[in-house]
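One structure is given below, encoded as structure tokens.
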Amino acid sequence: MSTEVILQLRDVTKRFGGLLAVDRLSLAVQRGQIKAIIGPNGAGKTTAFNLITGVYRMDEGEIEVAGKRASGLPSHRVAALGVARTFQNVELFGNMTVLENVMVGAHTRARAGLLSAALRLPAMQSEEASLAEKARTCLHLVGLDRVPAATEAGSLAFGQQRLLEMARALAADPAVLLLDEPAAGLSTAETAQLGELVQTIRGLGVTVLLVDHDMDLVMEISDEVAVLDHGVKIAEGSPREVQRDPQVIAAYLGEES
Amino acid sequence: MRKPYHAALFAAASSLIERARARLKPRHSFAMAAVIAAALPAVLPGQYAVYLAVVIGINTIVALGLNLLMGYAGQVSLGQAAFVGIGAYASAVLTTKAGLSPWLGLGAGAALGGLTAAAVGIPLLKLRGHYLAMGTLGFGMIMHIVMVQWEGLTEGTIGIMSIPPLSLGGFAFNTELRMYYLVAASVILCMALASNIINSRVGRAMRAVHGSEVAAQTSGVDTARYKLQVFILSGAMAGFAGSLYAHHATYVHPDCFGFHYSIQLVVMVVLGGMASIWGAIFGAGAVMLIGEQLRRSLEFSPIIFGLVLIVIMIFMPAGLWRGTMDFLRRLAGFGGGDKTRTA
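Read top to bottom, the protein sequences are chains E and A. Just so you know, we're using my numbering here: the first sequence kicks off at 1 and counts up by one. Just so you know, we're using my numbering here: the second sequence kicks off at 1001 and counts up by one.
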């Protein structure tokens, strides 16, 4: 693990009307890390993801990806910087096939435009072939290679849909992969497989930032954990340190009461 | 179609064609379409039927572009007739007033259609939903007014007459049959272009926006840019079709390209099935043929037309093409057909 910071948030703030959803959040993710953001419901974790990926506009603060400014950029430009994500509620392209879904993930890694597509120029055709090849590689990586590539994405089982989303995100050759509650709705066995997959992905050089409620998964695979509560970072450190932090315990207990 | 067995023949033939097509690669199914198109005049009953085929063909080209815009890029255009009119008048003016070749007219029609779409699309596509619809409606009305008022160029409500036909050397496309072959070739070319786009990076990007706009954007798809590009393409195709219209009808008049025609075009796309290339032919055919049948009972035609539309949309919400194919498949017990095939 190097000390290069691949994703940097500085004093990021987001308000929804009177509600302060994210309050001066600063976070650094090192290249090659698996970092987790945890916190009670409503802590601002998914909002943070939406701010990083340009889905929400931040009110204050800065975000940098590998040193390049990402704050204020629209989502597709943030993606081009090397940020890929999955969604809490799986956001697949249900109207398209498994293979096509993953190929869209690689959109920023290809160039063919409307004209070369309409005329099926040779450059476009070879690009299509390598996109399909890349998609198959990603499907193999997540363990979906047995599924026929022409299957409609909407007809997959839930666990498979989650994996498909990850394959799509990986097709972009991202520098950072944001996983939003990847274990939600998965069985214990599937969650264990997910943990292994995330570590495999890290082994390929992708930095992972994940949000999840499954403490076993988070503590098992994360190098570092940050804890949010009501939009504020209240703790940050190794999984052991964070688990013992009295403020963290109070925040979670507070949620139960 | 006056005789019921014509409809049954048509349905049976369509079913066979669709079964064959589902197994073919796109380029083979276009080759099949070319063969059918070449053979069609032999089975058409008379000159007037060939004329109708030409008109359906020209409308199919417009419907294809509009289909890409509405079915894939998810935009609406209630003013598409304006682009057809731009192409038609470009051809008419350049050939009758500047004495240029009709082929240049075709090129100018497509180019002007595309350029106008670019100029109008950049501000209009910033609007959403109903506001975008209103914007395209307004644009259509403005173009109609321009056609009427700019008499120096368009001759206003007199229209432009004696538009020369297209010709190659001494061979003039001045009969229905000759125009039929030219238009049929253009339709197949446009279908191939549309199919190529749909099964490409750009096509996938647009279909992805339909599936989940946020996931498409975070996957790197610049939705605004593609919407504009498709808008421009649909304008160019409409302009091209407009030029063909001018050299076929040899007369253009502002009322040919008004609101009524814009609505007919939208109906063709919705009826034929949005996001369906072959559906564009069906939709254009259905609207034109129903219109022909209803010409006999002028007072009732809007009512009957509306009723037919309602019935079709209730029983075949995916459009006439998909609906008929599904119905025939179920009827005959033929299974299969890849639901995800987009064409």
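Idealized CB from N, CA, C, for every residue including glycine.
Exercise. What is the rounded straight-line gap between the Cα of A:M1325 and the Cα of A:P1102?
Worked result: Here residue 1325 of chain A refers to the residue found at position 325 when the second sequence is read from its first residue. Here residue 1102 of chain A refers to the residue found at position 102 when the second sequence is read from its first residue. Roughly 39 angstroms separates the two Cα atoms.
Problem set entry | For A:S1262, the nearest candidate out of A:I1122, A:T1136, A:A1073 and A:L1052 (CA to CA) | Residue mapping note: residue 1262 of chain A aligns to position 262 of the second sequence, counting from 1. Looking at the Cα atoms, A:T1136 is the closest of the given residues.
Problem set entry | Residue span of the alpha helix (DSSP H) that contains A:I1158, given as start and end | Residue numbering aside, residue 1158 of chain A sits at position 158 when the second sequence is read from its first letter. Run containing A:I1158: none; DSSP gives neither H nor E here.
Exercise. Are the C-beta of E:R57 and some C-beta of chain A separated by less than 8 angstroms?
Worked result: Taking the first residue of the first sequence as 1, we reach residue 57 of chain E at position 57. No, because no Cβ of chain A sits closer than 8 angstroms to the Cβ of E:R57.
Problem set entry | A:W1150 to A:A1205 span [Cα, whole Å] | One-based indexing of the second sequence puts residue 1150 of chain A at position 150. One-based indexing of the second sequence puts residue 1205 of chain A at position 205. Rounded to the nearest angstrom, the two C-alpha atoms are 41 angstroms apart.
Exercise. Ordered along the chain, which non-local residues of its own chain (more than five positions away) have a Cβ less than 7 angstroms from that of E:V242?
Worked result: Within the first sequence, numbered from 1, the residue matching residue 242 of chain E stands at position 242. Answer for E:V242: V225, V227, A235 and V248, listed in chain order.
Exercise. Got a sec? Which residues, its chain only, sit under 6 angstroms from A:F1066 by beta carbon, not counting five neighbours each side?
Worked result: Locating residue 1066 of chain A in the second sequence gives position 66, counting from the first residue. The question names Phe, but residue 1066 of chain A is Leu in the sequence shown. Counting only Cβ-Cβ distances below 6 angstroms, and skipping sequence neighbours, we find Q1080, S1234, L1265 and V1269.
For this session: Between the Cα of E:G39 and those of E:A172, E:D212 and E:L141, spot the shortest distance and give me the residue it belongs to.
Result: Counting from 1 along the first sequence, the entry for residue 39 of chain E is found at position 39. When each option's Cα is compared against that of E:G39, the closest is E:D212.
Exercise. Are A:R1207 and A:Y1072 touching if we call contact CB-CB under 8 angstroms?
Worked result: Taking the first residue of the second sequence as 1, we reach residue 1207 of chain A at position 207. Taking the first residue of the second sequence as 1, we reach residue 1072 of chain A at position 72. Yes, they are a contact pair.
Problem set entry | Limits of the beta strand (DSSP E) - the one that E:D59 falls within | Your numbering for residue 59 of chain E matches position 59 in the first sequence. Looking at the DSSP string, E:D59 is not in any beta strand (DSSP E), and its letter there is neither H nor E.
Exercise. Which term fits E:V98, buried or exposed, when burial requires 16 or more other beta carbons within 10 angstroms of its beta carbon?
Worked result: Within the first sequence, the letter at position 98 stands for residue 98 of chain E. Answer is buried; the Cβ neighbour count reaches 16.
Problem set entry | C-alpha distance - E:R85 paired with E:R136, whole-angstrom precision | In the first sequence, residue 85 of chain E corresponds to position 85, counting from 1. In the first sequence, residue 136 of chain E corresponds to position 136, counting from 1. For E:R85 and E:R136, the distance between alpha carbons rounds to 19 angstroms.
For this session: Could you give the DSSP three-state label for A:L1100: helix, strand or coil?
Result: Counted from its first residue, the second sequence places residue 1100 of chain A at position 100. Of the three classes helix, strand and coil, the one that applies to A:L1100 here is coil, per DSSP.
For this session: Check each candidate in E:I221, E:V102, E:A43 and E:E133 and name the one with the smallest Cα separation from E:L19.
Result: Position 19 of the first sequence, counting from 1, holds the residue named residue 19 of chain E. When each option's Cα is compared against that of E:L19, the closest is E:A43.
Problem set entry | Residue interval of the alpha helix (DSSP H) (run including E:K134) | Looking up residue 134 of chain E in the first sequence gives position 134. Here the alpha helix (DSSP H) through E:K134 covers P122 to V142.
Exercise. For E:S75 and chain A, any beta-carbon pair shorter than 8 angstroms?
Worked result: The residue you call residue 75 of chain E lines up with position 75 of the first sequence. True, the Cβ-Cβ gap to chain A drops below 8 angstroms.
Problem set entry | E:I37 - DSSP class collapsed to helix/strand/coil | Numbered from its first residue, the first sequence carries residue 37 of chain E at position 37. Residue state, collapsed to three classes: strand.
For this session: Compute the distance between the beta-carbons of A:V1187 and A:T1060, then report whether it is under 8 angstroms.
Result: Residue mapping note: residue 1187 of chain A aligns to position 187 of the second sequence, counting from 1. Residue mapping note: residue 1060 of chain A aligns to position 60 of the second sequence, counting from 1. Yes, the Cβ-Cβ distance between A:V1187 and A:T1060 is below 8 angstroms.
Exercise. What is the rounded straight-line gap between the Cα of A:G1242 and the Cα of A:G1113?
Worked result: Here residue 1242 of chain A corresponds to residue number 242 of the second sequence, with the count starting at 1. Here residue 1113 of chain A corresponds to residue number 113 of the second sequence, with the count starting at 1. Going by the C-alpha atoms only, they are around 9 angstroms apart.
For this session: Would you mind telling me which residues of chain E sit closer than 9 angstroms to A:Q1293, beta carbon to beta carbon, in chain order?
Result: Residue mapping note: residue 1293 of chain A aligns to position 293 of the second sequence, counting from 1. Within 9 angstroms Cβ-Cβ: nothing; A:Q1293 doesn't reach chain E, min ~35 angstroms.
Exercise. Span of the beta strand (DSSP E) holding E:Q8?
Worked result: By 1-based counting over the first sequence, the position of residue 8 of chain E is 8. V5 to F16 is the span of the beta strand (DSSP E), which, as asked, contains E:Q8.
For this session: Tell me, please, whether the CB atom of E:A149 is closer than 8 angstroms to any CB atom in chain A?
Result: Locating residue 149 of chain E in the first sequence gives position 149, where the first residue counts as 1. No, no contact with chain A.
Problem set entry | C-alpha distance - E:L217 paired with E:R202, whole-angstrom precision | Locating residue 217 of chain E in the first sequence gives position 217, where the first residue counts as 1. Locating residue 202 of chain E in the first sequence gives position 202, where the first residue counts as 1. Taking the straight line from one Cα to the other gives about 15 angstroms.
For this session: Could you say which of A:G1138, A:Y1089 and A:T1250 lies nearest to A:M1161 if we only look at CA atoms?
Result: For this step, residue 1161 of chain A is matched to residue 161 along the second sequence. It is A:T1250.
Exercise. Whose C-alpha, out of A:L1044, A:V1062 and A:A1215, is nearest the C-alpha of A:G1283?
Worked result: Reading the second sequence from its first residue, position 283 is the one you call residue 1283 of chain A. Answer by Cα proximity: A:V1062.
Exercise. Roughly how many angstroms separate the alpha carbons of A:K1339 and A:S1029, rounded to a whole number?
Worked result: The residue you call residue 1339 of chain A lines up with position 339 of the second sequence. The residue you call residue 1029 of chain A lines up with position 29 of the second sequence. Note that A:K1339 scores 43 on pLDDT, short of 50, meaning its location in the model is unreliable; the coordinates nonetheless yield the value given after this. Approximately 17 angstroms, taken between the alpha carbons.
Exercise. By Cβ distance, which residues of its chain are closer than 7 angstroms to A:E1176, with the 5 residues on each side in sequence left out?
Worked result: To locate residue 1176 of chain A, count along the second sequence from 1; it is residue 176. Taken in chain order, the residues that qualify are Q1047, V1050, Y1051 and V1054.
For this session: Mind checking which residues open and close the beta strand (DSSP E) that includes E:Q30?
Result: In the first sequence, residue 30 of chain E corresponds to position 30, counting from 1. Per DSSP, E:Q30 belongs to the beta strand (DSSP E) from L19 to Q30.
Exercise. Going along the chain, which residues of the segment 1210-1221 of chain A sit with their C-beta nearer than 8 angstroms to a C-beta in chain E?
Worked result: H1210, G1211, S1212, V1214, A1215, A1216, Q1217, T1218, S1219, G1220 and V1221
For this session: Could you check what DSSP says for A:K1227 in three-state terms: helix, strand or coil?
Result: On the second sequence, position 227 is the one that residue 1227 of chain A refers to. Here A:K1227 sits in helix by DSSP.
Exercise. Around the C-beta of A:I1277, are 16 or more other C-beta atoms found within 10 angstroms, so that it is buried, or is it exposed?
Worked result: Numbered from its first residue, the second sequence carries residue 1277 of chain A at position 277. Burial call: buried.
For this session: List the residues of chain E that A:I1197 touches, going by C-beta distances under 8 angstroms, in chain order.
Result: What you label residue 1197 of chain A is simply residue 197 of the second sequence in a count that begins at 1. Here the neighbours are L114, A117 and A118.
Exercise. When you check each C-beta in the segment 1051-1077 of chain A against every C-beta of chain E, which residues fall closer than 9 angstroms?
Worked result: none
For this session: Starting from the beta carbon of E:T207, find every residue of chain A whose beta carbon is closer than 9 angstroms, and list them in chain order.
Result: By one-based count along the first sequence, residue 207 of chain E stands at place 207. What E:T207 touches in chain A: nothing, since even the nearest Cβ is about 17 angstroms away.
Exercise. What distance in whole Å lies between the Cβ atoms of A:F1173 and A:A1082, which are believed to be in contact at a cut-off of 8 angstroms?
Worked result: Taking the second sequence and counting its residues from 1, the one referred to as residue 1082 of chain A is at position 82. Taking the second sequence and counting its residues from 1, the one referred to as residue 1173 of chain A is at position 173. Wrong, their Cβ atoms sit about 26 angstroms apart, outside the cutoff.
Problem set entry | Selection from A:P1164, A:M1274, A:Q1229 and A:A1216 that minimises the alpha carbon distance to A:L1125 | The count along the second sequence starts at 1 and reaches residue 1125 of chain A at position 125. Answer by Cα proximity: A:Q1229.
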